Amino acid sequence: KFQVFRDNLENTLCRNIQRFLREWYQKPLADTLIMLLITCGRTILFLFQNRANKVTIFDSHGHGTGKNPHRGLVIAQ
Numbered sequence: 001k002f003q004v005f006r007d008n009l010e011n012t013l014c015r016n017i018q019r020f021l022r023e024w025y026q027k028p029l030a031d032t033l034i035m036l037l038i039t040c041g042r043t044i045l046f047l048f049q050n051r052a053n054k055v056t057i058f059d060s061h062g063h064g065t066g067k068n069p070h071r072g073l074v075i076a077q
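Numbers 1 to 77, taken from the UniProt record's numbering, label the letters of the sequence shown in order.
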């Protein structure tokens, strides 16, 4: 399933992710749901793994600050 949203992320991101997850849990077509968030030239990958009971987030763009300018990739599970 593919869908493009042109909404304010701050107001709708959580609601849209919850809606997709609810649909997937009700009628899963696979053990893993792959969700991409693409915005402003940045992409974040979410992997929802039902059997393993895990969520993995892969965020490859820079996360630097003025104090720590050389920060990058984030992977969380």
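Virtual Cβ for every residue (Gly too), placed ideally from N, Cα, C. It should be emphasised that the depicted structure is a prediction, and the values quoted were computed from it without experimental measurement.
For residue i, is the classification buried or exposed, using 16 other Cβ atoms within 10 angstroms of its Cβ as the cut-off for buried?
i          : result
R73        : It should be pointed out that residue 73 corresponds to Leu in this sequence rather than to Arg. Exposed.
F2         : exposed
L29        : exposed
residue 90 : The structure shown does not extend to residue 90, since the chain is modelled only from 1 through 77, so no value can be given for it.
Measure the Cβ-Cβ separation of residue i and residue j and say whether it is below 9 Å.
i   : j   : result
F48 : W24 : yes
I44 : F58 : yes
Q77 : V55 : yes
F20 : T12 : no
Helix, strand or coil: how does DSSP classify residue i here?
i  : result
V4 : coil
(message) I'd like the ranges of any alpha helix (DSSP H) spanning at least 4 consecutive residues and lying wholly in the region 7–62.
(response) 9–26
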